[in-house]
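A.B. asks: Heads up: the sequence lines are chains A and B, in that order. With our numbering as the guide, the letters of the first sequence map in order to residues 1 to 467. With our numbering as the guide, the letters of the second sequence map in order to residues 468 to 934. One structure, pasted below without further comment.
Protein chains: 2
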Amino acid sequence: MTGSDFLQLDPSQTPRNGRTAWLAERLRAAITDGTLGVGARLPATRVLAADLSMARGTVAEAYKRLTEEGLLVTNQGGGTTVADLPVSAATPPLPHLREASPEQPLLEVSSGMPDLTSFPRAAWLRAERQVLATAGSEELGYADPQGAHRLRVALAGWLARSRGVSVAADRVIITAGVTGALSLLAQVLRDRGVATCAIEDPGADGNRRILDYWMDDITPVPVDEHGLDVTGLAGTGERAVLITPAHQFPTGVVLSPQRRRELLTWAQEVDGLVIEDDYDSEYRYDRTPVRAVHAGAPERVAHISSLSKVLAPALRLGWLIAPQALHDELVRKRWATDLGSPALPQLALAQLIESGTLERHLRSLRLRHRERRDAAVDAIERSLPGCAIEGIAAGLHLVVRLPEHLDDAEITARVRQAGIQVQPLSQHRFNPGPPGLVIGYGPHPIPRLQQAIKSIGEAIRPLLRQR
Amino acid sequence: MTGSDFLQLDPSQTPRNGRTAWLAERLRAAITDGTLGVGARLPATRVLAADLSMARGTVAEAYKRLTEEGLLVTNQGGGTTVADLPVSAATPPLPHLREASPEQPLLEVSSGMPDLTSFPRAAWLRAERQVLATAGSEELGYADPQGAHRLRVALAGWLARSRGVSVAADRVIITAGVTGALSLLAQVLRDRGVATCAIEDPGADGNRRILDYWMDDITPVPVDEHGLDVTGLAGTGERAVLITPAHQFPTGVVLSPQRRRELLTWAQEVDGLVIEDDYDSEYRYDRTPVRAVHAGAPERVAHISSLSKVLAPALRLGWLIAPQALHDELVRKRWATDLGSPALPQLALAQLIESGTLERHLRSLRLRHRERRDAAVDAIERSLPGCAIEGIAAGLHLVVRLPEHLDDAEITARVRQAGIQVQPLSQHRFNPGPPGLVIGYGPHPIPRLQQAIKSIGEAIRPLLRQR
Numbered sequence: 001m002t003g004s005d006f007l008q009l010d011p012s013q014t015p016r017n018g019r020t021a022w023l024a025e026r027l028r029a030a031i032t033d034g035t036l037g038v039g040a041r042l043p044a045t046r047v048l049a050a051d052l053s054m055a056r057g058t059v060a061e062a063y064k065r066l067t068e069e070g071l072l073v074t075n076q077g078g079g080t081t082v083a084d085l086p087v088s089a090a091t092p093p094l095p096h097l098r099e100a101s102p103e104q105p106l107l108e109v110s111s112g113m114p115d116l117t118s119f120p121r122a123a124w125l126r127a128e129r130q131v132l133a134t135a136g137s138e139e140l141g142y143a144d145p146q147g148a149h150r151l152r153v154a155l156a157g158w159l160a161r162s163r164g165v166s167v168a169a170d171r172v173i174i175t176a177g178v179t180g181a182l183s184l185l186a187q188v189l190r191d192r193g194v195a196t197c198a199i200e201d202p203g204a205d206g207n208r209r210i211l212d213y214w215m216d217d218i219t220p221v222p223v224d225e226h227g228l229d230v231t232g233l234a235g236t237g238e239r240a241v242l243i244t245p246a247h248q249f250p251t252g253v254v255l256s257p258q259r260r261r262e263l264l265t266w267a268q269e270v271d272g273l274v275i276e277d278d279y280d281s282e283y284r285y286d287r288t289p290v291r292a293v294h295a296g297a298p299e300r301v302a303h304i305s306s307l308s309k310v311l312a313p314a315l316r317l318g319w320l321i322a323p324q325a326l327h328d329e330l331v332r333k334r335w336a337t338d339l340g341s342p343a344l345p346q347l348a349l350a351q352l353i354e355s356g357t358l359e360r361h362l363r364s365l366r367l368r369h370r371e372r373r374d375a376a377v378d379a380i381e382r383s384l385p386g387c388a389i390e391g392i393a394a395g396l397h398l399v400v401r402l403p404e405h406l407d408d409a410e411i412t413a414r415v416r417q418a419g420i421q422v423q424p425l426s427q428h429r430f431n432p433g434p435p436g437l438v439i440g441y442g443p444h445p446i447p448r449l450q451q452a453i454k455s456i457g458e459a460i461r462p463l464l465r466q467r
Numbered sequence: 468m469t470g471s472d473f474l475q476l477d478p479s480q481t482p483r484n485g486r487t488a489w490l491a492e493r494l495r496a497a498i499t500d501g502t503l504g505v506g507a508r509l510p511a512t513r514v515l516a517a518d519l520s521m522a523r524g525t526v527a528e529a530y531k532r533l534t535e536e537g538l539l540v541t542n543q544g545g546g547t548t549v550a551d552l553p554v555s556a557a558t559p560p561l562p563h564l565r566e567a568s569p570e571q572p573l574l575e576v577s578s579g580m581p582d583l584t585s586f587p588r589a590a591w592l593r594a595e596r597q598v599l600a601t602a603g604s605e606e607l608g609y610a611d612p613q614g615a616h617r618l619r620v621a622l623a624g625w626l627a628r629s630r631g632v633s634v635a636a637d638r639v640i641i642t643a644g645v646t647g648a649l650s651l652l653a654q655v656l657r658d659r660g661v662a663t664c665a666i667e668d669p670g671a672d673g674n675r676r677i678l679d680y681w682m683d684d685i686t687p688v689p690v691d692e693h694g695l696d697v698t699g700l701a702g703t704g705e706r707a708v709l710i711t712p713a714h715q716f717p718t719g720v721v722l723s724p725q726r727r728r729e730l731l732t733w734a735q736e737v738d739g740l741v742i743e744d745d746y747d748s749e750y751r752y753d754r755t756p757v758r759a760v761h762a763g764a765p766e767r768v769a770h771i772s773s774l775s776k777v778l779a780p781a782l783r784l785g786w787l788i789a790p791q792a793l794h795d796e797l798v799r800k801r802w803a804t805d806l807g808s809p810a811l812p813q814l815a816l817a818q819l820i821e822s823g824t825l826e827r828h829l830r831s832l833r834l835r836h837r838e839r840r841d842a843a844v845d846a847i848e849r850s851l852p853g854c855a856i857e858g859i860a861a862g863l864h865l866v867v868r869l870p871e872h873l874d875d876a877e878i879t880a881r882v883r884q885a886g887i888q889v890q891p892l893s894q895h896r897f898n899p900g901p902p903g904l905v906i907g908y909g910p911h912p913i914p915r916l917q918q919a920i921k922s923i924g925e926a927i928r929p930l931l932r933q934r
C-alpha cells in the first residue's frame with residue numbers, strides 16, 4: 001500500500017493549517033468505521049508524507065496522537081498497525097430513519113451529549129494500569145472525602161490554564177459529577193436557611209429537577225440574547241442562582257460582559273451565591289473560551305463542572321470550587337454522604353491530565369464536534385430555510401427557532417414519527433416562550449446528522465408553508 | 468460560666484438535625500480563634516444541655532469528639548478543659564484521616580481493615596479491560612441510578628449463595644459503600660418523620676458519626692454477650708436501629724438466635740426498621756457464616772454491606788436491599804444525590820463475581836486472615852497473660868479485655884509511645900463500660916503482628932502487676 005492510495009486521501013485536499021489534526025481525524029474515522037481493520041498496517045511515515053506533500057513530522061505526530069489514544073500500536077520492527085481495542089466496537093448500528101414503530105430505536109438528536117464512541121478507552125485503561133502498578137496500598141483504603149490530592153493538584157492546573165480559575169488544590173472538591181456538586185450546594189444552602197434558588201428560563205431540565213428535589217422552591221428568571229436577565233433576578237428576592245454563563249443551556253447564549261458585572265454586583269448586594277455550571281465551556285469553536293465567572297469574584301461564586309462532556313457521564317467525576325465560607329461544610333456533607341469518590345478513577349484521571357492526554361483528546365474532540373456543527377448548520381439551512389439557528393458558537397447542541405404559530409411539542413411528536421427524537425425548547429422552559437427545537441450534534445457522524453436533519457425538514461416543511 | 472452565656476450560643480439557633488456537629492463546630496471555632504483559651508473550663512454537659520434545650524448525650528458527644536481531636540481534655544475530677552497544645556483546627560479533622568507524624572510512623576493495629584496489599588490488582592485490571600473492550604457506548608452515558616443491571620443480577624446471586632438473602636435484581640440498590648447506604652436510609656427515615664435512631668453501645672465509631680450527622684439524635688443500646696439487648700431497645704421508644712449482627716463491631720459477638728427473634732418481633736410491634744450492617748460476615752473462620760437477619764423478615768430489615776473488607780474501601784461500592792415500602796424513595800434520593808455510582812467499576816465488579824474470581828479471592832483472604840488471627844491470639848496469650856480475648860470467631864479484629872481498674876484511653880496513649888496504635892474500646896462506647904483494646908490483625912503479616920503485640924505487652928504488663 002502506498003500513501004496516495006491509502007484511504008483515498010487526496011493531496012490537494014490537505015488543509016494549509018491544522019494538517020496533523022486533519023490527518024489524525026481521517027485516520028480515526030477510518031479506524032472507527034472499519035475501513036482500517038484491527039491489525040491493518042499503516043504506510044511508513046516517510047511514504048505517506050511524500051505522497052501527501054506533508055512534512056514527515058506531521059504524519060509522525062498524527063500517528064503518535066492516535067497511538068496515545070490507543071487506536072494504533074507501534075510494533076517491534078517500527079511498523080504501525082491498528083490496535084485491537086477499536087472504538088468501532090462501540091458504534092451503535094445506524095437506526096432506521098423511516099417508519100419508526102415503538103419497537104424501533106429512535107435516532108436521538110436531542111440532549112447535549114458528546115460522542116461517546118470516542119471515549120479514549122485504551123488511554124483510560126493504560127492510565128488505570130499505571131495507577132494500579134504504582135499506587136501504594138494506603139491509596140486503596142479510606143481516602144480524603146474532598147478527593148485525591150493528586151487529582152486536585154492536576155485539576156487546579158487545568159482550571160488555571162483553561163478557565164482562568166486560580167485556586168489552590170486544597171480548595172478543589174472532587175464531586176460525583178455536576179449533580180453531585182449541585183446536591184451538596186443545595187443541601188448546604190438549605191442548612192443555612194436559603195431554601196429557594198433562582199434558575200434560568202429556559203434552562204437545563206435535568207439540573208432544574210435536581211434543585212427542585214432539594215429546595216422548597218425554584219424561581220425562573222428569563223434569559224434573553226445577553227444571557228440571564230439580572231434585573232429580573234434582583235426582583236425575585238432570591239439569594240442564590242444557578243447559571244450556565246459559558247454556553248447557556250439550551251439557548252447557547254454567552255453571558256455578556258455587562259451582565260457578568262451586574263451579576264457579581266447583585267451577589268455582593270444581597271450577600272448571595274452564584275452557582276456557575278461551567279457547561280460546555282470546553283467546546284468553544286470560533287474564539288477563545290470566555291473566562292469563568294468565578295475568576296471575577298471567587299468568594300461569591302461556586303464553580304462546578306465535570307468530565308461528562310469531554311470523557312463520559314458514566315465516570316461520575318466532577319469538581320466544585322466554593323467560597324471559603326462554605327468549603328468546610330461542603331466537604332463535611334460529602335463525607336457524611338459517601339466518604340468521597342472512588343479512588344482509582346480519580347487517580348487515572350489525574351494521570352490523563354498530567355500526561356497531556358486529556359488535552360489532546362479534547363482538541364481532537366473539539367475539531368470533530370466543530371465539523372459536525374458546521375454540517376448541521378449547512379443541513380438546517382438547506383432543510384429548514386428561514387428558521388434562525390442559535391447558540392452555535394460553542395457546545396454540543398444548537399437551537400432552531402420555529403415560527404411563532406407553531407407548537408414545538410407538537411412538532412417534536414411529528415418528527416418522532418419519522419424516527420427522529422429532538423427536544424422541544426418548551427421542555428426546558430418554566431414559563432411559555434417562543435417555540436424551538438434543541439438539536440444535539442455531538443454524538444453523530446456527519447452523514448447520519450444530515451439524514452436526520454433532512455427528515456426533520458421533511459416533517460416540518462409543510463407546516464412552515466401553512467403560515 | 469453557665470450554658471446560656473457560654474460563647475453566646477443562642478438556643479433558638481440550634482439546628483434541628485446535626486446538633487452534635489453544630490455544637491462541635493462552634494466549640495472548635497472558639498478554641499481555634501482563642502475565644503476559649505488554653506485551660507478554659509467548659510460548662511458541665513448537664514448545664515449546657517439544659518441551657519441549649521438539647522439532650523445531654525448530644526453535648527457529651529460533642530465534647531467527646533473534640534477530646535478525640537485533641538482540643539479538649541477530661542480531668543481527674545470529670546471536668547472538661549481546653550487542651551494546652553491545640554492542633555490547628557482550620558479544617559475539621561475528619562474521622563478517617565490519620566495523624567501519624569512523619570518522623571515516627573506508627574504501626575496501626577487498630578481498625579478492622581483487610582489486607583490491602585492483597586487487593587487483586589491484576590484481576591481488577593483484567594476485568595476493566597474486558598469491560599472496556601465489550602461495553603457499548605450507551606454504558607458510558609447516564610446510567611440507572613439504582614446501579615448497573617448486570618451488577619445487580621450478579622449480586623443477587625452472590626447474596627443468595629453466601630448470605631441466604633433471596634431478592635430479585637430489581638430490589639438491589641448499588642450504593643457508595645456502607646456509608647452511602649446509611650446516609651440514604653437516614654435521610655429517607657428523616658423525611659418520614661423518624662429523626663432518631665438506636666445504635667449499639669459499644670458500636671462502630673464511624674457509622675455512629677454518620678448517623679449523628681443526619682439524625683436529630685442517636686440512642687445507645689447496650690450490647691452484651693448475646694448481642695444487642697433488645698429489651699433495652701424496646702425501652703428507648705426508638706423505631707429504627709443500626710446493628711451488626713454477623714460479627715458485632717467492636718465486641719465480635721454474634722447475635723444469638725433468641726435475640727434475633729426478639730429483634731424481629733420488636734420491629735413488627737413498633738412498625739420499625741432494622742438496619743443490618745452485614746459487617747465482616749465474609750470472614751467467619753470456624754463455622755459456616757450465620758444467615759443474614761434480612762432473610763427472616765425482608766420487609767422489616769434494610770440489609771447493607773460493601774466490598775470494603777473483601778476488596779478495598781477505595782472502590783466505594785456497596786449495596787442496599789430495603790423493604791419495598793422504602794425502595795422507590797431511596798432510589799430517588801440516590802438519583803438526586805449524584806445520579807448513581809460510576810459505571811465502569813460496577814461492570815468490572817460484575818465481571819469478577821460472574822467469573823468466580825471474587826469467590827476465589829475471598830477464600831484465599833479468609834485463609835490468610837485466619838492464620839493471622841491464630842498468631843495474634845497466641846501472641847496475646849503469651850504477652851498479656853490473664854487478659855480475656857473476645858470476638859475471634861470472625862472478622863478482622865479482636866478485643867482484649869483489660870482489668871477493670873485500668874483506663875483504656877490511657878493505655879492506648881502509653882502503647883502509642885511505643886510506636887503502636889491500637890483503639891481503646893471506650894472510643895466506641897457511648898456510655899462508660901469495662902476497658903479493652905481493639906486490635907485489628909487483618910492488614911499485618913504475622914511477624915509484624917507478633918512484634919506489635921509483644922510491644923503492647925511490654926507497655927502494659929507493669930500496670931497489670933500493680934493491681
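Positions of the beta carbon are idealized from the N, C-alpha and C atoms, including for glycine. Quick caveat: nothing in here was measured; it's all calculated off a predicted structure.
CB residue 320/A to CB residue 304/A, shorter than 7 Å?
C.D. replies: In this structure, residue 304/A lies closer than 7 Å to residue 320/A by Cβ.
A.B. asks: Give the range of the beta strand (DSSP E) segment to which residue 256/A is assigned.
C.D. replies: Looking at the DSSP string, residue 256/A is not in any beta strand (DSSP E), and its letter there is neither H nor E.
A.B. asks: List the endpoints of the continuous beta strand (DSSP E) containing residue 290/A.
C.D. replies: Taken as a continuous stretch (DSSP letters only), residue 290/A belongs to no beta strand (DSSP E), as it is neither H nor E.
A.B. asks: Assuming residue 207/A contacts residue 182/A (C-beta within less than 8 Å), just tell me the rounded distance between them.
C.D. replies: The pair is a contact, with the Cβ atoms about 6 Å apart (cut-off 8 Å).
A.B. asks: Taking only beta-carbon atoms, is residue 490/B less than 7 Å away from chain A?
C.D. replies: No, residue 490/B does not count as interfacial toward chain A.
A.B. asks: To the nearest angstrom, how far is it from the Cα of residue 495/A to the Cα of residue 396/A?
C.D. replies: The structure shown does not extend to residue 495/A, since chain A spans only 1 to 467, so no value can be given for it.
A.B. asks: Contact criterion: CB-CB distance below 7 Å. Does residue 437/A meet it with respect to chain B?
C.D. replies: So, not an interface residue.
A.B. asks: Relative to the alpha-carbon of residue 372/A, which residue among 164/A, 25/A, 351/A, 139/A has its alpha-carbon at the smallest distance?
C.D. replies: Of 164/A, 25/A, 351/A, 139/A, the residue nearest in Cα terms is 25/A.
A.B. asks: Please classify residue 484/B: is it buried, with 16 or more other beta-carbons within 10 angstroms of its beta-carbon, or exposed?
C.D. replies: Residue 484/B should be labelled buried.
A.B. asks: Grouping DSSP H, G and I as helix and E and B as strand, with all else coil, what is residue 471/A?
C.D. replies: Outside the shown range of chain A (1 to 467) lies residue 471/A, about which nothing can therefore be said.
A.B. asks: Considering only their Cβ atoms, is the gap separating residue 267/A from residue 300/A smaller than 7 Å?
C.D. replies: Taking 7 Å as the Cβ cut-off, residue 300/A and residue 267/A qualify as a contacting pair.
A.B. asks: If the criterion is Cβ atoms closer than 7 Å, does the pair residue 346/A and residue 140/A meet it?
C.D. replies: It is not a contact, given that the beta carbons lie outside the stated cut-off.
A.B. asks: Nearest-angstrom Cα distance between residue 59/A and residue 45/A?
C.D. replies: If I take the Cα positions, the gap works out to 6 Å.
A.B. asks: Using the rule of at least 16 other Cβ atoms within 10 Å of the residue's Cβ for burial, across every protein chain shown, is residue 202/A buried or exposed?
C.D. replies: Buried, since its Cβ has 16 or more Cβ neighbours within 10 Å.
A.B. asks: Buried or exposed: which applies to residue 834/B, given that a residue is buried once 16 or more other Cβ atoms fall within 10 Å of its Cβ?
C.D. replies: So residue 834/B counts as exposed.
A.B. asks: For the segment 799-881 of chain B, which segments carrying the beta strand (DSSP E) assignment without a break, of at least 3 residues, lie completely within its bounds, in sequence order?
C.D. replies: As far as the segment 799-881 of chain B is concerned, its whole beta strand (DSSP E) runs of at least 3 residues are 864-868.
A.B. asks: Quick one: complete alpha helix (DSSP H) runs, 4+ long, within the segment 483-544 of chain B?
C.D. replies: Complete alpha helix (DSSP H) runs here, min 4: 486-499, 512-518, 523-535.
A.B. asks: Listing by chain order, which chain B residues have their CB less than 9 Å from the CB of residue 313/A?
C.D. replies: Per Cβ cutoff of 9 Å: 607, 608, 609, 610, 806, 810.
A.B. asks: On the criterion of 16 or more Cβ atoms from any shown chain inside 10 Å, does residue 601/B qualify as buried, or is it exposed?
C.D. replies: That one is exposed.
A.B. asks: Could you tell me whether the segment 398-405 of chain A touches the segment 352-364 of chain A, using the rule of 3 or more Cβ pairs below 8 Å?
C.D. replies: No, because fewer than three Cβ pairs between the segment 398-405 of chain A and the segment 352-364 of chain A fall closer than 8 Å, the two stretches do not touch.
A.B. asks: Going by the beta-carbon positions, is the gap between residue 797/B and residue 645/B smaller than 7 Å?
C.D. replies: Not closer than 7 Å, so no.
A.B. asks: With DSSP as the reference, please indicate the residues paired to residue 786/B in a beta bridge.
C.D. replies: Beta-bridge pairing links residue 786/B to 641/B, 772/B.
A.B. asks: Say whether chain A places a C-beta atom closer than 7 Å to the C-beta of residue 496/B.
C.D. replies: Answer no: the Cβ-Cβ gap between residue 496/B and chain A never drops below 7 Å.
A.B. asks: Suppose you measure from the CA of residue 483/A to the CA of residue 79/A; what does that come to, to the nearest Å?
C.D. replies: Limits of chain A in this structure are 1 at one end and 467 at the other, which puts residue 483/A out of reach.
A.B. asks: When you compare the segment 884-896 of chain B with the segment 751-765 of chain B, are there three or more beta-carbon pairs, one atom per stretch, that lie closer than 8 Å?
C.D. replies: Output reads no: the segment 751-765 of chain B does not touch the segment 884-896 of chain B.
A.B. asks: Between which two residues does the beta strand (DSSP E) holding residue 80/A run?
C.D. replies: Element bounds for residue 80/A: 80-82.
A.B. asks: Near residue 469/B, which residues of its chain fall below 8 Å by C-beta distance, leaving aside the five closest residues on each side in sequence?
C.D. replies: Confidence at residue 469/B is low in this model, with a pLDDT of 45, below 50, so the placement of that residue is unreliable and no value is reported for it.
A.B. asks: So with Cβ pairs under 7 Å, would you call residue 119/A a contact of chain B?
C.D. replies: Yes - at least one Cβ of chain B is within 7 Å of the one on residue 119/A.
A.B. asks: For residue 248/A, write down the residues that DSSP places opposite it in a beta bridge.
C.D. replies: DSSP, once it has assigned bridges, lists no residue as partnering residue 248/A.
A.B. asks: Considering just the uninterrupted stretch of the alpha helix (DSSP H) at residue 702/B, what are its terminal residues?
C.D. replies: Counting along the chain, the alpha helix (DSSP H) containing residue 702/B begins and ends at 697-703.
A.B. asks: For residue 698/B, tell me which candidate among 711/B, 725/B, 681/B, 907/B has the shortest Cα-Cα distance.
C.D. replies: Selected option, being the one with the closest Cα: 725/B.
A.B. asks: Just to confirm, are residue 747/B and residue 627/B a CB contact at a threshold of 7 Å?
C.D. replies: Taking 7 Å as the Cβ cut-off, residue 747/B and residue 627/B do not qualify as a contacting pair.
A.B. asks: Distance, Cα to Cα, residue 881/B vs residue 494/B?
C.D. replies: Going from the Cα of residue 881/B to the Cα of residue 494/B covers about 28 Å.
A.B. asks: Just reading off the beta strand (DSSP E) that residue 198/A is part of, what are its end residues?
C.D. replies: Counting along the chain, the beta strand (DSSP E) containing residue 198/A begins and ends at 196-201.
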